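Here is the structure we will look at, set down as structure tokens.
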Amino acid sequence: MDLNKVREIAKDRMKGYCRVCPVCDGRACAGQVPGIGGTGTGSAFSANLNALAKVKLNLRTIHEAVNPDLSIAVFGEKLNTPILAAPITGASINMGGAISEREMVDAMLQGTLAAGSLGMTGDTGVPSMYDDGLAGIRAVNGRGIPFIKPRSNDEIKKRIEKAEEAGALAVGVDVDGAGLITMALNGQPVGPKSFKDIKELVSFTELPFIIKGIMTADEAETVAAAGVSAIVISNHGGRVLDYAQGAARVLPAIADRLDGKLTIFADGGVRAGTDVLKLLALGADAVLVGRPLIIGAFGGDREGVKLTIETYTKQLLQAMILTGTAKASDVPQGVVVS
Ligand SMILES: Cc1cc2nc3c(=O)[nH]c(=O)nc-3n(C[C@H](O)[C@H](O)[C@H](O)COP(=O)(O)O)c2cc1C
98 MDLNKVREIA
108 KDRMKGYCRV
118 CPVCDGRACA
128 GQVPGIGGTG
138 TGSAFSANLN
148 ALAKVKLNLR
158 TIHEAVNPDL
168 SIAVFGEKLN
178 TPILAAPITG
188 ASINMGGAIS
198 EREMVDAMLQ
208 GTLAAGSLGM
218 TGDTGVPSMY
228 DDGLAGIRAV
238 NGRGIPFIKP
248 RSNDEIKKRI
258 EKAEEAGALA
268 VGVDVDGAGL
278 ITMALNGQPV
288 GPKSFKDIKE
298 LVSFTELPFI
308 IKGIMTADEA
318 ETVAAAGVSA
328 IVISNHGGRV
338 LDYAQGAARV
348 LPAIADRLDG
358 KLTIFADGGV
368 RAGTDVLKLL
378 ALGADAVLVG
388 RPLIIGAFGG
398 DREGVKLTIE
408 TYTKQLLQAM
418 ILTGTAKASD
428 VPQGVVVS
């Protein structure tokens, strides 16, 4: 199996929900939420790619980084690559349903594990989808991280307890889902969270707690003070707020403000190993990938996901050699020019 074949099969199976474009930049699917696109004009989806494209790499080959070390540690787990699967839900709502939610989750979690990495799962207005994610996490002995929508704290706590029972490595809330009117229409209200709300959730569980959807340094500082273990710098793949900034643009200021206090994940528009290196140099500890892994799952099940992660990892290795970067866990800022 190669990636061209995976893409060909995915295109057929996603029935136009995703057109598997030569460049996955949100143009063809602008406004398609539900669907695979970014909300409104698709500007926030494209902003992720544009912000990454503006960052350039410094080519350097007079050095001793002959065999760069790609490994990183996340919550005590050693990973072979800093590239993880982002939480994704809605195989039927967003992608046409050629595979079931559980099949998609299994492909993501098992494919990433086979590549020496980790996957995450999500939550929607259809409550069974969160449970599908947890069933998948249970099936891989807890080696996955579920994300819960910003429901009431009582509803979140019920889902944290389920995550604990499933043996999950950590648990998170994607706070940027705060404006999802579709959730309210489904009788599942969501909304913004206060410092106090987050503190209450952090102290409710022993699991490392992650907040996903941070895009400003002051909010990063607030959630750090509330005791979270990690943040995901993300605009939700451009799916929640039209004209939101790209993740790569806001990342350096946030990383600067946090100064190593928390684990920083970043996502949005990662389409090659060079994008991964850029985000690591801008201050991320690890990177999440969304849509390309959906294509992997629909086109090649767990093998398609594994192959995508491995391809990006090989590209990352090559880019590290060509920039003199010895360790993925410690990428100097000077690797990039913004
Ligand atoms: C179809 C689809 C469903 C998603 N579902 C979730 C979800 O349930 N929870 C969540 O936190 N993020 C969700 N996301 C956002 C991703 O986790 C991630 O932030 C985003 O896809 C990264 O951008 P990329 O697709 O350009 O790599 C979803 C994204 C897509 C495209």
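Here our numbering is used: the first residue of the sequence shown is 98, the next is one more, and so on.
Virtual Cβ for every residue (Gly too), placed ideally from N, Cα, C.
What you are looking at is a predicted structure, and each value in this text was computed from that prediction instead of being measured.
Distance check between A141 and each of L156, P286, G132, R124 places R124 closest, using alpha-carbon atoms only. Between the region 389-400 and the region 324-344, the count of C-beta pairs closer than 8 Å stays below three; the two stretches do not touch.
Between A317 and I351, the C-beta spacing is below 7 Å. In this structure, A378 is the residue among K411, D166, A378 with its C-alpha nearest to the C-alpha of S435. Between G216 and L206, the gap from beta carbon to beta carbon is short of 7 Å.
For I180, the three-state secondary structure derived from DSSP is strand. Taking the Cα positions, S426 is about 32 Å away from R256. For T279, the distance from the CB to the nearest heavy atom of ligand 1 is not below 6 Å. According to the DSSP secondary-structure assignment, V434 is paired through a beta bridge with K153.
C-alpha of M417 to C-alpha of T371: approximately 9 Å in a straight line. As for any alpha helix (DSSP H) of minimum length 4 sitting wholly inside the region 269-316, the runs are 278-282, 292-301, ordered along the chain. Unbroken alpha helix (DSSP H) stretches of 4 residues or longer found wholly inside the region 99-163: 100-110, 140-151, given in chain order. Pairing E400 with M98 gives a Cβ-Cβ distance under 7 Å. With a threshold of 16 other beta carbon atoms within 10 Å, F395 meets it and is buried. For I361, the uninterrupted beta strand (DSSP E) run begins and ends at 360-364, by DSSP. Ranked by Cα distance from N101, the first of N332, I308, L414, T408 is T408.
DSSP places V320 in the helix class (H, G or I) of the three-state scheme.
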